[in-house]
Amino acid sequence: MSTKQDRHEERYEEKVRERFQEVQTLLLEEQIENFRTKFLDMHPYDQAMFFQEQDKSNRMNIYSYLSPEEIAEVMINIELEDVTDFFIEMDPRYAAMVFSKMPADDAVDVLNELDKEEVASFLTIMDKNAAEEIKQLLHYEEKTAGSIMTTEYVAIYQNATVKETMQLLKKEAPDAETIYYLFVLDDSKRLVGVLSIRDLIVADEDTRIEEIMSGSVVAVSVAKDQEEVAQMFRDYDFLALPVVDFQYHLLGIITVDDILDVMEEEASEDYSKLAAMTDTDKRDDSAFTSAKRRLPWLVILLFLGLFTASLIGRFEETLNQVAVLAIFIPLIAGMAGNTGTQALAVAVRGIATGDYDKEGKMKLILREAVIGLITGTVCGILIAIVIYIWQGNIYLGLLVGVSIMASLLVATLAGSLIPMIMHKFNIDPAVASGPFITTINDIISIVIYFGMATTFMSYLI
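full-length UniProt numbering numbers the first residue of the sequence shown as 1 and each following residue consecutively.
This is the structure in structure tokens:
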């Protein structure tokens, strides 16, 4: 079945490449009308992929062949880190018209990546109504519900009839980002309900909206963090979610496609922090820029590593008496670092998805403690047996085995507790990065290992 699916996908990709080649030929031969017909017949995503493959000369021709509205559809399907360069190379007035034709939230995302002077310039020459709408969204703090919402939605009044609403819908639907949900307002423009398009279609024409709407409507505050909004979409399976102010006036809506972008952004950001980087490297960043991003954490970890080295030096006398102890330092430290990173990943994910709030922090801490105890015991027994067979010293085997058991237990608890404590103090738990937790657990494991070795030295000599 998978082979059949693979063949189907290969055939589709081959057709797309053939279409690309055909459109490319029309572009190079400057057959404008034929190019427009073939290009606009492609899926918007394929249009964006084709556009990105072109050099600047060809892109300038495409700008002249397509209207701002048609280019706007291409731009919203291109990654944010790439699309800003395309706007800068456009003629400013043409770019301003493209911004006017884009969904307001997508336009704001791009403008937030530009310099303030460039933003001011575009807003000055942009369509007045579009500029005002974009200015309102630009005022909202980044990474909040207000910054990702769109104002292109269909709102209806509760005292309207189904017939009046259908007429309004036909008029406003072409400009709305989604019409699956209609949001119902009272006379003061407060959100009082929601109505699905299906319920509207099957209702009698003379029925009033307040009779068929659902008054149980879930909304989010304009200041709510976008990560919490994404969690609500996941929990409720929404296609769109209304955004309101403190008086419950409807300000905009957030659609599921925007939330998918948020989820990708948040996952990328958390991954960066888990790798001890302030931000993910962009492919067009210079080596110097990427190195500058990575250096702060690396310098911190460097000094923590020096502390670890000095800690081992404090047990020099122990090492001199039983040199074989040095062989197992990387083993114990590595195991502690690995299990701590695993617990960290579970903890950060639990905080991000809200599992800790639902299940209770103590329950999850106990769960991780049990996991640490089980894994530590199993690994400890195995290594004790191996060392006894290898070195012929049961006490050395027991020392290393018990050290691993204790280190894994403590490391697992540290990996889960540290991000929870950081979250408690409103610090991003993802900052408790893998390398950071690994280094901390190196220190813990070395203290446990050499502390026990020093205590039971008489059995090892």
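From the three backbone atoms N, C-alpha and C, an ideal C-beta is built for every residue, glycine too.
Using alpha carbons as the reference points, say which of Phe233, Ile444 and Val119 lies closest to Gly337.
Counting from one through the sequence shown, the residue named residue 337 turns up at place 337. For the set Phe233, Ile444 and Val119, the Cα lying nearest the Cα of Gly337 is the one of Ile444.
Contact check, Glu205 vs Thr161, beta carbons under 8 angstroms:
One-based indexing of the sequence shown puts residue 205 at position 205. One-based indexing of the sequence shown puts residue 161 at position 161. Cβ atoms of Glu205 and Thr161: closer than 8 angstroms.
On the CB-based measure, 16 or more other CB atoms within 10 Å of its CB, does His423 come out buried or exposed?
The residue labelled residue 423 in the question sits at position 423 within the sequence shown. It is buried - the Cβ of His423 has at least 16 other Cβ atoms within 10 Å.
Just to check my reading of the structure: Ala369 and Pro419 have Cβ atoms closer than 8 angstroms, yes? What is that Cβ distance to the nearest angstrom?
The count along the sequence shown starts at 1 and reaches residue 369 at position 369. The count along the sequence shown starts at 1 and reaches residue 419 at position 419. 15 angstroms between Cβ atoms; not a contact.
Thr178 (DSSP reduced to helix, strand or coil)
Sequence index remark: in the sequence shown, residue 178 carries index 178 (1-based). Thr178 falls in the coil class under three-state DSSP.
If you follow the alpha helix (DSSP H) that Gly242 is part of, which residue opens it and which one closes it?
Along the sequence shown, one-based indexing puts residue 242 at 242. The displayed chain sequence assigns Pro, not Gly, to residue 242. Where Pro242 is concerned, there is no enclosing alpha helix (DSSP H), although the beta strand (DSSP E) it sits in stretches over Ala240 to Val244.
Between Tyr45 and the rest of its own chain, which residues show a CB-CB distance below 7 angstroms, the 5 nearest in sequence each way excluded?
Position 45 of the sequence shown, counting from 1, holds the residue named residue 45. Excluding sequence neighbours, Tyr45 sits near Asn77.
Look at the Cβ atom of Thr438, then the Cβ atom of Thr341, and state whether they are nearer than 8 angstroms.
Here the question's residue 438 lines up with position 438 in the sequence shown. Here the question's residue 341 lines up with position 341 in the sequence shown. The answer is yes: Cβ separation under 8 angstroms.
Alpha helix (DSSP H) segment containing Ala414, residue limits
Against the sequence shown, residue 414 aligns to sequence position 414. Ile394 to Lys424 is the span of the alpha helix (DSSP H), which, as asked, contains Ala414.
Starting from Thr150, trace the beta strand (DSSP E) both ways and give me its first and last residue.
Start at 1 with the first residue of the sequence shown, and residue 150 comes out as number 150. It is not in any beta strand (DSSP E) - Thr150 carries neither H nor E in the DSSP assignment.
With respect to the beta strand (DSSP E) encompassing residue 467, which residues constitute its N-terminal and C-terminal limits?
Because the chain spans 1 through 461 in this model, residue 467 falls outside it and cannot be assessed.
Classify Asp442 as buried or exposed, calling it buried when 16 or more other Cβ atoms lie within 10 Å of its own Cβ.
Looking up residue 442 in the sequence shown gives position 442. The residue in question, Asp442, is buried, as its Cβ has 16 or more Cβ neighbours within 10 Å.
Any idea what DSSP makes of Arg11, helix, strand or coil?
For the purposes of this step, residue 11 is taken as residue 11 along the sequence shown, with counting starting at 1. It is helical.
Counting Cβ pairs, one atom from each stretch, are 3 or more of them under 8 angstroms apart for the stretch 122-132 and the stretch 241-248?
no
Report the three-state DSSP secondary structure of Ile76 (helix, strand or coil).
Within the sequence shown, residue 76 is the residue found at index 76, counting from 1. Coil at Ile76, not helix or strand.
The alpha helix (DSSP H) that contains Leu460, what's its start and end?
Sequence index remark: in the sequence shown, residue 460 carries index 460 (1-based). Met457 to Leu460 is the span of the alpha helix (DSSP H), which, as asked, contains Leu460.
Roughly how far, in whole angstroms, is the beta-carbon of Tyr180 from the beta-carbon of Ala219, given that I think they are within contact range, below 8 angstroms?
By 1-based counting over the sequence shown, the position of residue 180 is 180. By 1-based counting over the sequence shown, the position of residue 219 is 219. Not a contact, Cβ separation roughly 16 angstroms.
Answer with buried or exposed for Phe315, where buried requires no fewer than 16 other C-beta atoms within 10 angstroms of its C-beta.
The count along the sequence shown starts at 1 and reaches residue 315 at position 315. Looking at its Cβ environment, which holds 16 or more other Cβ atoms inside 10 Å, Phe315 is buried.
Ser233, DSSP secondary structure in three states
As a first step, residue 233 is located in the sequence shown; it is residue number 233 there, counting from the start. Position check: residue 233 holds Phe in this sequence, whereas Ser was assumed. Note: Phe233 maps to helix in three-state DSSP.
Going by DSSP in three states, Met1 sits in which element: helix, strand or coil?
To locate residue 1, count along the sequence shown from 1; it is residue 1. Residue confidence for Met1 is low, a pLDDT of 47 falling below 50, so the modelled location carries little weight and cannot support an answer.
Ser196 - DSSP class collapsed to helix/strand/coil
By one-based count along the sequence shown, residue 196 stands at place 196. Correct three-state label for Ser196: strand.
What residue does the alpha helix (DSSP H) around Asp55 start on, and which one ends it?
Your numbering for residue 55 matches position 55 in the sequence shown. Note, Asp55: premise wrong, no alpha helix (DSSP H); not H, not E.
Taking the Cβ atom as the reference point for each residue, do Ile148 and Ile254 lie within a distance shorter than 8 angstroms?
Here the question's residue 148 lines up with position 148 in the sequence shown. Here the question's residue 254 lines up with position 254 in the sequence shown. The answer is yes: Cβ separation under 8 angstroms.
Bounding residues of the alpha helix (DSSP H) (the contiguous stretch that carries Leu111):
For the purposes of this step, residue 111 is identified with residue 111 of the sequence shown, where counting begins at 1. Counting along the chain, the alpha helix (DSSP H) containing Leu111 begins and ends at Ala104 to Leu111.
Give me the residue from Gly350, Ile374 and Ile446 with the minimum Cα distance to Gly313.
Here the question's residue 313 lines up with position 313 in the sequence shown. For the residues Gly350, Ile374 and Ile446, the minimum Cα distance to Gly313 belongs to Ile446.
Helix, strand or coil at Val162 according to DSSP, with G and I counted as helix
Position 162 of the sequence shown holds residue 162. Val162 falls in the helix class under three-state DSSP.
Gln108 burial status per 10 Å Cβ neighbour count (16 or more: buried):
Within the sequence shown, the letter at position 108 stands for residue 108. The residue asked about is misnamed: residue 108 is Val in this sequence, not Gln. Classification for Val108: buried.
State yes or no: is the C-beta of Glu152 within less than 8 angstroms of the C-beta of Pro103?
Position 152 of the sequence shown, counted from the start, is the residue given in the question as residue 152. Position 103 of the sequence shown, counted from the start, is the residue given in the question as residue 103. A contact, by the Cβ cut-off of 8 angstroms.
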